[in-house]
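Visitor: Would you mind keeping the following structure in view while I ask a few things?
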Amino acid sequence: MSMLLGTRRTLLQSVDRGDMLPQYLLNSYGAEIEGFDSVAEWVVSLGSAADNITEGEFRTGASSIKLTTGVGANAIMTKTLDAPLTLNSGEHLRLYFYMHDFDNAARIRFYLFTAGYATALEHTIEFAPLIPPCRNGWNVIDLYEDGFGGTASWSDTFPLLRIRLEPKPGVQCSISCDSLRAGLQSVPAVLWMFDDEQSSIYDLAYLYMQPRNANATFYIKTAAVNTGANITDAQLLTMEGGGWSIANHTRSHVYDLPYAAFLADIQNGRADLAGWGLSVAIDHFAYPGGQYDDDRILAAVNAPCLTARVTGKGFVGLDVYGDQLFVLPIYMGVNTLTLAQLQGFVDEAILYNRPIVLFAHTIGPGADITQADFEAIIDYTQAVGIPHLTINDIYDSLSGPITKPPG
Ligand SMILES: [Zn+2]
Numbered sequence: 002m003s004m005l006l007g008t009r010r011t012l013l014q015s016v017d018r019g020d021m022l023p024q025y026l027l028n029s030y031g032a033e034i035e036g037f038d039s040v041a042e043w044v045v046s047l048g049s050a051a052d053n054i055t056e057g058e059f060r061t062g063a064s065s066i067k068l069t070t071g072v073g074a075n076a077i078m079t080k081t082l083d084a085p086l087t088l089n090s091g092e093h094l095r096l097y098f099y100m101h102d103f104d105n106a107a108r109i110r111f112y113l114f115t116a117g118y119a120t121a122l123e124h125t126i127e128f129a130p131l132i133p134p135c136r137n138g139w140n141v142i143d144l145y146e147d148g149f150g151g152t153a154s155w156s157d158t159f160p161l162l163r164i165r166l167e168p169k170p171g172v173q174c175s176i177s178c179d180s181l182r183a184g185l186q187s188v189p190a191v192l193w194m195f196d197d198e199q200s201s202i203y204d205l206a207y208l209y210m211q212p213r214n215a216n217a218t219f220y221i222k223t224a225a226v227n228t229g230a231n232i233t234d235a236q237l238l239t240m241e242g243g244g245w246s247i248a249n250h251t252r253s254h255v256y257d258l259p260y261a262a263f264l265a266d267i268q269n270g271r272a273d274l275a276g277w278g279l280s281v282a283i284d285h286f287a288y289p290g291g292q293y294d295d296d297r298i299l300a301a302v303n304a305p306c307l308t309a310r311v312t313g314k315g316f317v318g319l320d321v322y323g324d325q326l327f328v329l330p331i332y333m334g335v336n337t338l339t340l341a342q343l344q345g346f347v348d349e350a351i352l353y354n355r356p357i358v359l360f361a362h363t364i365g366p367g368a369d370i371t372q373a374d375f376e377a378i379i380d381y382t383q384a385v386g387i388p389h390l391t392i393n394d395i396y397d398s399l400s401g402p403i404t405k406p407p408g
């Protein structure tokens with residue numbers, strides 16, 4: 002690992018004030034290695050598969066391939082790739098698929114086999130009930146080296162691709178796959194995100210980061226502002242003026258409200274922020290408790306917000322298709338973090354060339370992260386030349402290159 006890390010650091014272009022970062026934060030969009038254009042090219046060994054020409058359910062070419070399980074029984078399709086796939090260090094894969102009936106699906110297993118099925122790399126996408134990594138409609142999943150297990154090595158050659166879809170017991174499910182890309186390479190970046198109302202985010206995070214030109218995003222539970230020892234509207238204004246994204250986390254932070262009340266709570270949160278004179282990031286939103294479902298996503302869309310962030314392990318996968326902007330994941334939904342863990346995450350961002358989100362509610366004595374560890378990780382990130390980005394930076398990067406400032 003240390004040798005690889007050294008390699009990445011050599012390749013890494015450190016980012017200075019005024020440097021340009023590419024659209025989607027992708028240095029390389031790689032190449033499509035499978036277009037899922039014809040089911041005739043695949044061997045379907047379990048379940049069934051068919052070309053899907055339904056408008057809206059294919060993305061490239063004239064069709065996708067719809068893979069359907071049996072009742073409580075897996076579906077498997079396998080293809081000999083047009084050219085054997087080789088993977089380079091620091092690059093990742095990206096799979097686009099349309100999910101037809103999320104509630105019935107248990108997981109997708111994605112395999113790359115070496116010749117003769119001798120060994121395999123395997124990446125499992127589990128559909129956990131609370132914070133799933135995907136949903137009905139289009140999904141874009143980035144597959145990084147560290148997410149793969151199995152008996153093969155990243156440096157092997159893979160002529161064979163297999164997709165296995167597993168339903169929940171007693172039901173069937175389908176996905177339509179369309180487009181697998183390889184060779185994607187992102188810009189390593191760190192997005193610090195803080196939630197709720199703690200004044201330590203001003204006292205210990207903002208006041209340390211700001212003189213170092215390092216920005217972050219703070220999602221605010223607005224009912225708590227200006228109460229007790231919590232953050233004040235004046236501090237929020239100062240933070241926004243200093244380059245931070247001060248964003249919406251609803252007024253009440255109640256996450257199981259019915260649709261209309263939840264929509265109102267989002268809109269009230271935004272109105273509170275606007276009432277204090279904030280404007281830059283008030284259309285960016287984080288679900289209270291990180292929890293979402295179709296109603297809550299719809300409320301975020303209709304509020305209207307520009308993005309909505311969940312809490313759970315996932316990736317900052319850009320080039321977003323459909324409404325995935327409304328289920329923006331964070332990579333580490335961890336509260337209590339040691340400096341060693343934090344450095345490990347930053348090293349991963351470098352090693353795998355990806356933007357990573359670090360997250361906390363509080364900093365300081367007895368908090369998620371100690372003040373000393375927090376300051377050390379900011380220093381560490383800057384020393385290795387990684388930019389600190391905000392949700393506004395991420396959003397802006399969807400429409401073109403961004404000029405990134407603060408290192
Ligand atoms: Zn919260």
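Here the sequence shown is numbered in this note's numbering, starting from 2 and rising by one per residue.
Just so it is clear, CB atoms sit at the ideal spot from N, CA and C, and this is done for glycine as well.
(1) Relative to ligand 1, is the shortest distance from any of its heavy atoms to the C-beta of D266 smaller than 7 Å?
(2) When the distance is taken between beta carbons, is R136 closer than 8 Å to V328?
(3) Could you spell out where the beta strand (DSSP E) holding L90 opens and where it closes?
(4) Closest by CA to A272, which one among Y293, D234, G243 and D380?
(5) How many Å lie between D284 and Y25 at the Cα?
(6) Does the beta-carbon of D369 have 16 or more other beta-carbons within 10 angstroms, so that it is buried, or is it exposed?
(7) At which residue ranges does the region 248-307 contain complete beta strand (DSSP E) runs of 3 or more residues, listed in the order of the chain?
(8) So what does DSSP say about G315, is it helix, strand or coil?
(9) Under 8 Å Cβ to Cβ from A50, same chain only, skipping five residues before and after it: list those, please.
(10) Could you give the uninterrupted runs of the beta strand (DSSP E) lying entirely in the region 157-218, keeping only those of 3 residues or more?
(11) According to the neighbour-count rule (16 or more other Cβ atoms, all chains shown, within 10 Å of its Cβ), is G1 buried or exposed?
(12) Please write down, chain order preserved, every residue whose beta carbon lies under 5 Å from a heavy atom of ligand 1.
(13) Just verifying my parser: in three-state terms, what is the DSSP assignment at D374?
(14) Among N105, F59, T158 and E58, which one has its Cα closest to the Cα of L86?
(15) For the alpha helix (DSSP H) holding Y396, just list the boundary residues, first then last.
(16) Which word fits S201, buried or exposed, when buried means at least 16 other C-beta atoms lie within 10 angstroms of its C-beta?
(17) Given that a residue counts as buried once 16 or more other Cβ atoms are within 10 Å of its Cβ, and exposed if not, what is G117?
(18) Examine the Cβ distances between the region 206-219 and the region 255-271 and report whether three or more of them are shorter than 8 Å.
(19) Can you give me the C-alpha to C-alpha distance between E241 and I247, rounded to a whole angstrom?
(20) In this structure, does DSSP put F59 in helix, strand or coil?
(21) Are there 16 or more other CB atoms within 10 angstroms of the CB of A361, so buried, or fewer, so exposed?
(22) Whole angstroms are fine: how far does the CA of F128 sit from the CA of V311?
(23) When the Cα of L113 is compared with those of I142, D104 and T152, which residue comes out closest?
(24) What separation, rounded to the nearest whole angstrom, lies between the Cα atoms of L166 and T55?
(25) Between the region 189-201 and the region 138-147, are three or more C-beta pairs nearer than 8 Å?
(26) If we require 3 or more residues per run, which beta strand (DSSP E) segments fall completely within the region 83-123?
(27) Kindly list the residues whose CB is nearer than 6 Å to the CB of V321, restricted to its own chain and excluding five residues on each side of it in sequence; keep chain order.
(28) Figure out for me which residue from G386, S175 and G270 has the closest Cα to the Cα of T223.
(29) Within its chain, find whatever has a CB closer than 6 Å to the CB of G244; leave out the 5 residues flanking it on each side and keep chain order.
(30) Strictly under 8 Å for the Cβ-Cβ distance: is D179 near chain B by that measure?
(31) Return the bridge partner residues of I77 from the DSSP annotation.
(32) Whose CA, out of L237, I267, A300 and T251, lies closest to the CA of L279?
(33) Kindly list the residues whose CB is nearer than 6 Å to the CB of A304, restricted to its own chain and excluding five residues on each side of it in sequence; keep chain order.
(34) Exposed or buried, which one is A63 when buried takes at least 16 other CB atoms within 10 Å?
Guide: Quick answer:
(1) no
(2) Yes, Cβ-Cβ distance for V328 and R136 is below 8 Å.
(3) Correcting the residue type first, residue 90 is Ser in the shown sequence and not Leu. For S90, no beta strand (DSSP E) segment is defined, and its DSSP state is neither H nor E.
(4) D234
(5) 20 Å
(6) Answer is buried; the Cβ neighbour count reaches 16.
(7) 282-287
(8) Low confidence applies here, because G315 scores a pLDDT of 47, under 50, leaving its location unreliable and the question unanswered by this model.
(9) V40, W43, I66, K67, L68, T69, A76 and M78
(10) 158-168, 175-187 and 190-197
(11) Missing from the structure shown is residue 1; the chain here goes from 2 to 408 and no further.
(12) That query returns the following residues: D196 and D197.
(13) Here D374 sits in helix by DSSP.
(14) T158
(15) I392 to S398
(16) buried
(17) exposed
(18) no
(19) Rounded to the nearest angstrom, the two C-alpha atoms are 6 Å apart.
(20) coil
(21) By the 10 Å Cβ count, A361 comes out buried.
(22) 15 Å
(23) Closest by alpha carbon: T152.
(24) 20 Å
(25) no
(26) Fully enclosed beta strand (DSSP E) runs of 3 or longer: 93-100 and 106-114.
(27) Low per-residue confidence applies at V321: pLDDT is 47, beneath 50, and the placement is therefore not dependable enough to give any value.
(28) G270
(29) N216
(30) No chain B appears in this structure, which consists of one protein chain only.
(31) L47 and R165
(32) L237
(33) I267 and Q268
(34) exposed
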